[in-house]
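Protein chains in written order, with the working numbering: chain A, 3 to 105; chain B, 3 to 105.
There are 2 protein chains.
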Amino acid sequence: MRDVYDAVADPTRRGLLDLLAQAGELPLHDLVDRFPMGRTAVSKHLTVLKEAGLVEDRKVGRETLYHLNAAPLREIRGWVSFYEQFWEQRIERLKDLLEGERE
Amino acid sequence: MRDVYDAVADPTRRGLLDLLAQAGELPLHDLVDRFPMGRTAVSKHLTVLKEAGLVEDRKVGRETLYHLNAAPLREIRGWVSFYEQFWEQRIERLKDLLEGERE
DNA sequence: TTGACATGACACCAAATGGTGTCCTATAGT
DNA sequence: ACTATAGGACACCATTTGGTGTCATGTCAA
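(1) Roughly how many angstroms lie between the CA atoms of Val50 (chain B) and Phe88 (chain A), to the nearest whole one?
(2) In whole angstroms, what is the alpha-carbon distance linking Arg79 (chain A) and Glu53 (chain A)?
(3) Could you pull the DSSP bridge partners for Thr66 (chain B) from this structure?
(4) In chain order, what residues of the same chain lie with their CB nearer than 7 Å to the CB of His69 (chain B), ignoring the 5 residues before and after it?
(5) Compute the distance between the beta-carbons of Tyr7 (chain B) and Ala72 (chain A), then report whether it is under 7 Å.
(6) Report yes or no: is there a C-beta of chain A within less than 7 Å of the C-beta of Ala54 (chain B)?
(7) Taking buried to mean at least 16 other C-beta atoms within 10 Å of its own C-beta, is His31 (chain A) buried or exposed?
(8) Using a Cβ-Cβ distance cut-off of 7 Å, determine whether Phe37 (chain A) contacts chain B.
(9) Find out if the Cβ-Cβ distance for the pair Gly55 (chain A), Pro74 (chain A) is shorter than 7 Å.
(10) Within 7 Å (strictly less), CB to CB, does Asp8 (chain B) reach chain A?
(11) By the 10 Å Cβ neighbour count, where 16 or more other Cβ atoms means buried, how is Arg15 (chain B) classified, buried or exposed?
(12) Whole-angstrom Cβ separation of Leu67 (chain B) and Arg60 (chain B), contact assumed at under 8 Å?
(13) Keeping to the same chain, check which residues put their C-beta closer than 6 Å to that of Leu33 (chain A); ignore five residues upstream and five downstream.
(14) Got a sec? Which residues, its chain only, sit under 7 Å from Leu18 (chain B) by beta carbon, not counting five neighbours each side?
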């Protein structure tokens, strides 16, 4: 479907995830109220998040209620945790090490 | 400058970071050899990564050597770790909880 | 039953994105 | 000195992206 890294790259979409994490479940019009853009734009962002599996929705009457599914974020978590070893060590130390190879 | 989430959204750019993590330091033409695209495209991706602070470069003779700076990834790590609490609990349980509100 | 509300489904548009090729300069190597 | 290599700096292009507005449909409430 859609890459989870890509889905999360947009600040509006991260904002949507934050709201859904906080509120549990919200209808579209409530979400729209929190952003400086129209309903169509927010709806599109939610579609992207749905394609990435990060949100799910259910229809209740005339509303569509959206809620978070955080599971796909495991992928990002796993990827980024690999790099922890590199930021733990001082950057300058790495630089010196690389420069020192010539001596 | 450039959003680190955005910089990391592209699979080619994640590939570049992986290569630099492994090799320590590589010149542009070595990086180009590993991807199915031209020098200009790879160079542009490296520029994006530089704008996000994820790579740095130094000129040695006629080569430009690129190396990783993983520090900005802390931002992503921090953001995503907030969501751990949501994927730890079973998704079905959350759903049942939300549906149960009406009874 | 009538009118307001919620949203899906388009069509549309400007700007950003991810590629390309070309030209130019600097450096290495013979 | 000459030639090949490394790569910066463009100009260019198709596609995607992130927004808009409009129309049609289903639902709620008086």
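Ideal placement from N, C-alpha and C gives every residue a C-beta, glycine not left out.
The answer reads as follows:
(1) If you take the alpha carbons of Val50 (chain B) and Phe88 (chain A), they lie about 20 Å apart.
(2) Distance between the alpha carbons of Arg79 (chain A) and Glu53 (chain A): 19 Å.
(3) Thr66 (chain B) pairs with B:Lys61.
(4) Within the same chain, and ignoring the five residues on either side of His69 (chain B) in sequence, the residues whose Cβ sits closer than 7 Å to its Cβ are Leu22, Gly26, Glu27, Val57 and Glu58.
(5) Taking 7 Å as the Cβ cut-off, Tyr7 (chain B) and Ala72 (chain A) do not qualify as a contacting pair.
(6) Ala54 (chain B) does not count as touching chain A.
(7) Exposed.
(8) It does not: the Cβ of Phe37 (chain A) has no partner Cβ on chain B nearer than 7 Å.
(9) The Cβ-Cβ distance between Gly55 (chain A) and Pro74 (chain A) falls below 7 Å.
(10) Judged by the 7 Å Cβ criterion, Asp8 (chain B) is in contact with chain A.
(11) It is buried - the Cβ of Arg15 (chain B) has at least 16 other Cβ atoms within 10 Å.
(12) Leu67 (chain B) to Arg60 (chain B), Cβ: 6 Å. Contact.
(13) Excluding sequence positions up to five before and after Leu33 (chain A), its CB lies within less than 6 Å of the CB of Val44, all in the same chain and listed in chain order.
(14) The answer, listed in chain order, is Leu33, His47, Leu48 and Leu51.
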